[in-house]
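A.B. asks:
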Amino acid sequence: MGSATGFLDTVRIENPFRDEAARLGDFEDLHTCQSCEARRAQASRCMNCGVPFCQSDFGCPLHNLIPEWNDLLYRGQEREALMRLIRTAPFPEFTGHVCPALCEKACNLENDATTNRDNELYLIETGFEKGWIQPRIPAVRSGKRVAVIGSGPSGLAAADLLNQLGHSVTVIERADRPGGLLMYGIPNMKLPKNIVERRIRLMEAEGITFELNTEADPEKLQDYDAVLLCGGARKPRSLNVEHMDAEGVMFAVDYLTAATRAVLGGTVSEASAAGKHVIVVGGGDTGNDCVGTALRQECVSVTQLEMMPAPPEDRTPGNPWPEWPRILRTDYGQLEAIYRQGSDPRVYRTTVKQILTDDQNRICGLETVQLERTPEGRFEQVAGTEKTLPCELLLIAAGFVGCDEKTAEHFALQADGRGRLLPENGSHHLAGKIFSAGDMRNGQSLVVRALADGRNAAKEINDWMRS
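When we follow the working numbering, the leftmost residue of the sequence shown carries the number 13, and every step to the right adds one.
#1: Around the C-beta of Ala151, are 16 or more other C-beta atoms found within 10 angstroms, so that it is buried, or is it exposed?
#2: Go through its chain and collect everything with a Cβ distance to Lys362's Cβ below 6 Å, but skip five positions before and after it.
#3: Going residue by residue through the segment 112-178, where are the continuous alpha helix (DSSP H) segments of at least 4 residues, counting only ones entirely within it?
#4: So what does Ala443 bridge to, in DSSP terms?
#5: Could you say if the segment 128-144 and the segment 155-170 meet the contact criterion of at least three C-beta pairs nearer than 8 Å?
#6: Which full runs of the beta strand (DSSP E) of 3+ residues lie inside the segment 269-311, going along the chain?
#7: When DSSP builds the beta bridges, which residues end up paired with Glu223?
#8: In this structure, does DSSP put Gln67 in helix, strand or coil?
#9: Leaving out five residues before and five after Leu74 in sequence, what residues of the same chain have Cβ atoms less than 6 Å from its Cβ?
#10: How far does the alpha helix (DSSP H) with Arg96 in it reach, from first residue to last?
#11: Report the option in Gln456, Leu214, Asp428, Asp21 whose CA atom is closest to the CA atom of Gly296.
#12: Assess, as a yes-or-no matter, whether the segment 420-440 is touched by the segment 211-219 under the definition of 3 or more beta carbon pairs within less than 8 Å.
#13: Would you decide whether Ala286 is buried or exposed? Buried here means 16 or more other CB atoms lie within 10 Å of its CB.
#14: Where DSSP assigns a beta bridge to Leu407, which residues make up the other side?
#15: Report whether the distance from the Cβ of Lys232 to the nearest heavy atom of the ligand SAH is below 8 Å.
#16: Take every Cβ of the segment 45-62, pair it with every Cβ of the segment 76-89, and state whether three or more of those distances are shorter than 8 Å.
#17: Which of helix, strand or coil does DSSP assign to Ile198?
#18: Does the distance from the C-beta atom of Met59 to that of Pro79 stay below 9 Å?
#19: What does the alpha-carbon distance come out to for the pair Thr272 and Pro199?
#20: Quick check on Glu231: buried or exposed, where buried means 16 or more other Cβ atoms within 10 Å of its Cβ?
#21: Can you tell me the Cα-Cα spacing of Thr17 and Leu241, whole angstroms?
#22: How big is the Cα-Cα spacing for Ser250 and Gln366?
#23: Do Phe447 and Ala113 come within 9 Å of each other at the CB atom, strictly closer than that value?
#24: Pull up the DSSP beta-bridge partners for Tyr360, would you.
#25: Since Ala258 and Ile375 should fall inside the 8 Å C-beta cutoff, what is the C-beta to C-beta distance between them, to a whole number of angstroms?
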């Protein structure tokens, strides 16, 4: 610990977003980065805590050595700090953009936490800029071959570690570009795709093979010593209302994929929100991404429906530190809607009662209704609270209910009641040489948890193949 009073001498300052007026005009990176001096000052706020909750189970799933690399950064030893960071974090450039920073919410400074996410983003980008990040080509190969099905966070993390352990890795991806949700499920302004592509090029230089536009076929995987399924939780949760097949009703992941394809191709999205009243169902990160994307596509208006009541502004007694704080947050998309529309787009305790369509089966409006929770915990509609809203584009961002059923069928596997390929013993080993990791194994979760699970699966596969 270089500075015993860093948290007293320096106030917390996060990397600011770009100004709303500027960023709403493009799909470029939201984030700005502070100078080296500013980052060192922020790193000085990290103390040598007796119990560093930031890297505990309450904090970072990767168990990053946060106090160590923050101290090195504060001392100006940037390369050493970076090397300490990447000992546990495979892709800091991803988590530095999209991680909710569980470590910061578990920080002993709590509401005044060290800016760990911004610090790690600074370190990895400095590493690329200065040439410290170079291909790490294993000196010895084991002779073992592993197929990783899916190139999302867990698949990439597993492939990276398996390759470093000396195994020959092939990543099989059904899409036309690698990255999974990192490429198509998260908008470019939140995670620029050139950053994902840069990492893929590095992994290829390290010896990892990517096969794109390819479905996993068990018959073609006979020559592999192990197969890791990392296909994600791809089955979206639907709404139990009529006219879900109407033109203008889309699942969020399909909408965001179309938007990203348009950005990458320099074209107009085939599912553009331009000139439309947009309603987003779902209050999570994906719903927020839909709000931000619709605004950039110049929608007329955007409204976000959330079944749950508005969270409290502060922790409740039943949600103490260092647990993740279940409090009200206003993310970039909502901030942009407030800037553009003058009010928060979120409407709480509300759901869709009916989708209204025209004579050509195109959505033209919604009937919504308020909800209340019964003593048994169920939601019931409140009679007399119905409202009709204009809507030409309805985006369903209500989460996911399980993995792709075709993948399970192809490998003669049975998903559990929550749609997961989760081994009964809690390991990653499903049957024979088949393993699972990430959202396909655990259900919908965070990028950082998928990264950690992919690495854990890689370690288990390595031990299994060498036993």
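Every residue gets a Cβ at the ideal spot worked out from N, C-alpha and C, and that includes glycine.
What you are looking at is a predicted structure, and each value in this text was computed from that prediction instead of being measured.
C.D. replies: To lay it out plainly:
#1: exposed
#2: Per the sequence presented here, residue 362 reads as Thr, with Lys not at that position. Excluding positions up to five away in sequence, the list reads Leu317, Thr380, Gln382.
#3: 114-117, 128-141, 165-176
#4: Ile446
#5: No, the segment 128-144 does not touch the segment 155-170.
#6: With a minimum length of 3 residues, the continuous beta strand (DSSP E) runs that stay inside the segment 269-311 are 289-293.
#7: Ile184
#8: helix
#9: Thr100, Ala101, Ala464
#10: 90-97
#11: Ranking Gln456, Leu214, Asp428, Asp21 by CA distance to the CA of Gly296 puts Gln456 first.
#12: no
#13: Exposed, by the Cβ-count rule.
#14: According to DSSP, residue pairing for Leu407 in a beta bridge involves Met262, Val292.
#15: In the structure shown, the ligand SAH is absent, as is every other ligand, since no ligand is present at all.
#16: yes
#17: coil
#18: Yes, they are a contact pair.
#19: Their backbone Cα atoms lie some 6 Å apart in a straight line.
#20: exposed
#21: Answer to the nearest angstrom: the Cα atoms are 47 Å apart.
#22: 13 Å
#23: Not closer than 9 Å, so no.
#24: Glu318
#25: 5 Å
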